[in-house]
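First up is the structure itself, then whatever we jot down about it.
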Amino acid sequence: MGPILVLDGRELDADLGTVDVVARITLEARRAGCRLQVRHASDQLRDLLALTGLADVVRCLDDSVVEPGWQAEQRKELLGVEEEGDRADPIA
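All you need for our numbering is the position in the sequence shown, starting with 1, plus 5.
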């Protein structure tokens, strides 16, 4: 997708009217080839988006640079392959 439209959620009320408006903005942004990100959304607004099934469509980000939900390393371990350790490191 194209450019990202950022919506500051600090002053947004956590009610169904706000959820409706955010959903409509998201739809219009997608039609225009953009993505919408809501930053600084309250926990209550995030909960309402999840309750209405829009949490996967409306992307809410916090203040940090790291996106929530991702771990530092996510990969499949290959069977029979072990990582080598450093002999100087003590065994935990």
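From the three backbone atoms N, C-alpha and C, an ideal C-beta is built for every residue, glycine too. This structure is a prediction, so every number in the text was calculated from the model and none was measured.
Just to confirm, are VAL11 and LEU53 a CB contact at a threshold of 8 angstroms?
Counting from 1 along the sequence shown, the entry for residue 11 is found at position 6. Counting from 1 along the sequence shown, the entry for residue 53 is found at position 48. Not in contact: VAL11 and LEU53 (Cβ atoms no closer than 8 angstroms).
For a quick check, are the C-beta atoms of GLN49 and LEU66 less than 8 angstroms apart?
Position 44 of the sequence shown, counted from the first residue, corresponds to residue 49. Position 61 of the sequence shown, counted from the first residue, corresponds to residue 66. Cβ atoms of GLN49 and LEU66: not closer than 8 angstroms.
Strictly by DSSP, which residues pair up with ASP13?
On the sequence shown, residue 13 is found 8 positions in, with the first residue counted as 1. Partner(s): ARG44.
In terms of residue numbering, what span does the alpha helix (DSSP H) encompassing LEU32 cover?
Here residue 32 corresponds to residue number 27 of the sequence shown, with the count starting at 1. It spans 21-36 - the alpha helix (DSSP H) in which LEU32 sits, taken as one unbroken run.
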